[in-house]
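For reference, the structure is listed below as structure tokens.
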Amino acid sequence: MKGATLHRLIDIYADSRRNLRVRLAALRMFVRAVCADRNTSFAEYRQMCRRLLKGMPFTEQALERERAAYLDRTRAARQAMEESGAWLIGNSAMIEQALSFDDLCDLLGVNHAHRAEAAEVCAGDAGVVGGLLWIGGEFEDSADHKSGRSNRGNTGPLTAAVQNLFQKFLLENPSAIPDPFAPGGPFYGVPRQEMAPNGTVQIRRPALTVHSQDGSIRTVERKPEVIGE
Numbered sequence: 001m002k003g004a005t006l007h008r009l010i011d012i013y014a015d016s017r018r019n020l021r022v023r024l025a026a027l028r029m030f031v032r033a034v035c036a037d038r039n040t041s042f043a044e045y046r047q048m049c050r051r052l053l054k055g056m057p058f059t060e061q062a063l064e065r066e067r068a069a070y071l072d073r074t075r076a077a078r079q080a081m082e083e084s085g086a087w088l089i090g091n092s093a094m095i096e097q098a099l100s101f102d103d104l105c106d107l108l109g110v111n112h113a114h115r116a117e118a119a120e121v122c123a124g125d126a127g128v129v130g131g132l133l134w135i136g137g138e139f140e141d142s143a144d145h146k147s148g149r150s151n152r153g154n155t156g157p158l159t160a161a162v163q164n165l166f167q168k169f170l171l172e173n174p175s176a177i178p179d180p181f182a183p184g185g186p187f188y189g190v191p192r193q194e195m196a197p198n199g200t201v202q203i204r205r206p207a208l209t210v211h212s213q214d215g216s217i218r219t220v221e222r223k224p225e226v227i228g229e
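Residue numbers (UniProt numbering): 1 to 229.
In structure tokens, the structure reads:
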């Protein structure tokens, strides 16, 4: 999609005087175009890297230029996705007040066969926007994702925007969620690799639970093992 068209879509969805349905439709088109451009950019970058790697070391500078250009495009796409997701979550109350559940499902392409399930999810604390675009995960364009005709790993454009926003939040606030390797966490007991201050890679194995003959139980923490020694 041409840059002028993308800017026009941004102007439409950012114009508060317009009908909300039109604004959301424009935002969907914009984010879908950003996702498509990001996928195309990645495919072109991989193809160019394969060609340039054959000429190494003489093509090293050209490879660095391609990498820098690709990272710039990726950074711009990620920022656009995050800002779109932030707008959706930040204006969720306004969206839910202006549009009914069925109206929003129509805009997001939620299959009628999946709306009963979507309604159950949206009845929770996340609300309609959060339920359809985040908690549900696959309700947007659900005929593609939940009907066995396509990859279930795919998501709709606005869902992808909210996911990007959540990923940004986790990267900036790693302490916001419990340690998954702690007792009770989903990865408790799984060995994990760590990098020591001196640069060596260590593997930390789970603690041992020792049961004594007298019935007592104690936990023995194991020292990290340096990989390769």
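Even glycine gets a Cβ: it sits at the ideal position worked out from N, Cα and C.
DSSP, read as helix, strand or coil, puts Val-128 in helix.
Boundaries around Arg-65 are those of the alpha helix (DSSP H), 60-90, since no beta strand (DSSP E) includes it. Linking Thr-5 to Val-128 through their CA atoms gives a straight-line distance of about 30 Å. Distance from the CA of Leu-108 to the CA of Gly-130, rounded to the nearest whole angstrom, comes to 13 Å. In the structure shown, the three-state DSSP call for Ile-227 is coil. Assignment of Gln-193 by DSSP, reduced to helix, strand and coil, places it in the strand class. At the C-beta level, Gly-90 and Val-162 stay beyond 8 Å of one another. Secondary structure of Gln-202 (DSSP, three-state): strand. A distance below 6 Å between beta-carbons, with the five flanking residues on each side excluded, links Pro-191 to the following residues of its chain, in chain order: Ile-203 and Arg-205. Separation of the CB atoms of Val-110 and Glu-140 is rounded to 7 Å, and the pair is thereby assigned contact status at 8 Å.
The bridge partners DSSP lists for Ile-217 are His-211. Proximity of the segment 92-100 to the segment 176-189 falls short of the contact definition, fewer than three beta-carbon pairs being nearer than 8 Å. Collapsing the DSSP output to three states places Asp-179 in coil.
The straight-line gap separating the alpha-carbon atoms of His-112 and Asp-106 is approximately 9 Å.
Cys-35 and Thr-74 have their C-alpha atoms roughly 10 Å apart.
Proximity of the segment 5-17 to the segment 40-60 falls short of the contact definition, fewer than three beta-carbon pairs being nearer than 8 Å. Minimum Cα-Cα distance from Asn-164 among the listed residues Ala-14, Leu-53 and Ala-80 corresponds to Ala-80. Here the C-alpha atom of Pro-197 lies approximately 29 Å from the C-alpha atom of Arg-67.
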